[in-house]
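I have placed the structure first, in the form of structure tokens, so that the comments after it can refer back to it.
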Ligand SMILES: Cc1cc2nc3c(=O)[nH]c(=O)nc-3n(C[C@H](O)[C@H](O)[C@H](O)COP(=O)(O)OP(=O)(O)OC[C@H]3O[C@@H](n4cnc5c(N)ncnc54)[C@H](O)[C@@H]3O)c2cc1C
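Numbering (this note's numbering), first residue to last: 215 to 850.
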């Protein structure tokens, strides 16, 4: 059942060969097809603009008031590409290899190789759009280093790379809106996927301003709805980031792949209060120049300036001399936790380590550091009231990104014909751990360079029986949405939806976070179950369904998180190995690194929904490595 449709032939020729073999839609026929794109972040914005540019008619939906406010705008550090401008030994093969290794050998070779190939086209495309990437004095685009790589291949626009790339995609999108080939539907939340004769043929959305439930039919549906890291409640994601769209699709038959692969980012501003609702990322780019350390002596609570050099432990540089502070995120996060667990954590809560720029400022001067990271330093100072030019930053890992998502084949189509999934919403090319600056690369590769080819191959062969929103499947989906809304509004309990979400976040962080064990996972399942039952009896969702009601909006998302969290735990329990971001304490090397079990777990775990009171069914897509050798990851 799980055919990834990976083309045959040598790795480097698969994509070209596939593009040639894909059937084409005649240009004059393209305008007869309607495509729904849900999401306007880098994946959705680039897909909607490119599909419309090709001639398709596109309906584009998002939660925010403007496509420009999608969560992608928050991306700070940069985007990878194998241009080798630095002449430091980079190549498509090296980017491919670093990404496969970074993901702990749990991604598909063919997808990752294609990603590395098109990375260079992305940079050219964005430069042509006018994206203001940083430049060297001579005019060439500048690069910096990111974790898990020993070359500098990250293109950036100060600490605002996501915003600048999104403005580029938005410009292209607006051109198509003006041309009448894209219709924008902002302030809509997708509630249901509509499947007719086994094909995805539309969606049902709630208009978040008027409360109206709307139906939209199409020939294909492309979900680009981002990641679900907010299942942990506290995360670096935008408040509106959610699992709902892909979880609704899962309940309609789309398989959910590797839900337990979540990324905890090592450099975030530590939690500082019970009522905090958001965590702030300090970009990984800071590890280019910042040095991570803790006091050598447990419990040493002297201010950092009073701890002499000889009493500091630069533990990443000590343990991983080759990569030092630029080890991948999973490794850096686990090490920070280990230091804090040994009572070497710093700051008020002792759940923090230092990220120190003193040496870099001494070496390069404050001006140079300010030029590279000025806005990040300013953001840090605004939040913590401490000046990072004078005292080291304090950082701690936080939930940040998800490698899991809906299962897709090489064409980015789910197992449901006509349902495509792009960007962070799919189970992606990152395996069990994503390297920094690779999410923007993947989202834009999917939207600008993959879907424009692969969707045509599907459309020419699909069953095009005319479908309108009068079809009973739309009526049924609308009825279900209305019932669920009514149910949420009539619980009339005593506990706020945010309170439930916060408790769920605690459970997930404690038992399914940076490290996991079987006992904790079993406990988490019970706790989630009980919390979900309480939610449907005691949640307080005030207001009505007929107007702007953010409590109602949030309650639907939290209800989905409460169901999805259990799937995450089930997947984590099932995977009896450690790999990348999934660290089961029972499977570690003597040096406390993740120990994979390639014999039994070298597969993608894709889960099929079987009913609310039934266990989901596991399908396995074996991962075949023909071009790289599976080794124990080492960054020493
Ligand atoms: C603080 C931060 C910094 C980062 N920095 C980097 C970086 O430097 N480099 C890098 O490579 N990656 C970075 N990342 C990761 C990267 O930003 C994201 O993975 C990427 O932007 C996701 O893009 P996307 O298009 O898949 O989804 P998003 O940008 O999240 O867009 C999702 C879209 O879907 C819409 N949507 C969601 N649900 C629904 C629904 N139910 N109905 C209707 N619409 C819906 C939203 O409105 C939005 O338009 C960072 C992430 C964070 C949190």
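Glycine included, C-beta positions come from ideal geometry on N, C-alpha and C.
| Query | Result |
| --- | --- |
| Closest by CA to residue 461, which one among 473, 669 and 701? | 473 |
| I'd like to check one pair, residue 543 with residue 361: are the Cβ atoms closer than 8 Å? | yes |
| Kindly examine ligand 1 and report whether one of its heavy atoms sits closer than 7 Å to the Cβ of residue 340. | no |
| My understanding is that residue 854 touches residue 613, with C-beta atoms under 8 Å, so please give their C-beta distance in whole angstroms. | With the chain represented from 215 up to 850, any question about residue 854 goes unanswered, as that position is not in the structure. |
| Sorry if obvious, but does the Cβ on residue 651 come closer than 7 Å to a heavy atom of ligand 1? | yes |
| Compute the Euclidean distance between the alpha carbons of residue 681 and residue 723, then round it to the nearest angstrom. | 44 Å |
| Determine contact between the segment 342-357 and the segment 286-301, defined as no fewer than three beta-carbon pairs at a distance below 8 Å. | yes |
| Should residue 686 be labelled buried (16 or more other beta-carbon atoms within 10 Å of its own) or exposed? | exposed |
| At a cut-off of 7 Å, is residue 628 close to ligand 1 when judged by its beta-carbon and the heavy atoms of the ligand? | no |
| Quick one: Cα of residue 824 to Cα of residue 785, how far? | 15 Å |
| How many angstroms separate the CA atom of residue 316 from the CA atom of residue 794? | 8 Å |
| Is the closest heavy atom of ligand 1 to the C-beta of residue 285 under 7 Å? | yes |
| Using a Cβ-Cβ cutoff of less than 8 Å, which residues in the same chain neighbour residue 368 once the five nearest sequence positions on both sides are dropped? | 291, 292, 293, 294, 357, 358, 359, 360, 499, 650 and 651 |
| Roughly how many angstroms lie between the CA atoms of residue 603 and residue 446, to the nearest whole one? | 31 Å |
| Within 10 Å of its beta-carbon, does residue 803 have 16 or more other beta-carbons around it, so buried, or fewer, so exposed? | exposed |
| Going by beta carbon distance, what residues of the same chain come within less than 7 Å of residue 788, once the five residues before and after it are set aside? | 819 and 832 |
| Assess contact between the segment 381-396 and the segment 253-266, defined as three or more Cβ pairs (one per stretch) separated by less than 8 Å. Is contact present? | yes |
| Can you round the beta-carbon distance between residue 633 and residue 422 to whole angstroms, since I take them to be within the 8 Å contact cut? | Not quite, the Cβ-Cβ distance comes to about 23 Å (not below 8 Å), so this is no contact. |
| Roughly how many whole angstroms lie between the Cα atoms of residue 512 and residue 273? | 57 Å |
| Can you give me the C-alpha to C-alpha distance between residue 485 and residue 563, rounded to a whole angstrom? | 9 Å |
| If we require 4 or more residues per run, which alpha helix (DSSP H) segments fall completely within the segment 230-314? | 241-244 and 256-268 |
| Does the beta-carbon distance from residue 653 to residue 615 come in below 8 Å? | yes |
| Would you say residue 478 touches ligand 2, meaning its beta carbon is less than 7 Å from a heavy atom? | As far as ligands go, the structure on display features ligand 1 and does not contain ligand 2. |
| If you count every other CB in all the chains shown that lies within 10 Å of the CB of residue 325, and 16 or more means buried, which is it? | buried |
| Quick one: give me the first and last residue of the beta strand (DSSP E) that residue 821 is part of. | 817-822 |
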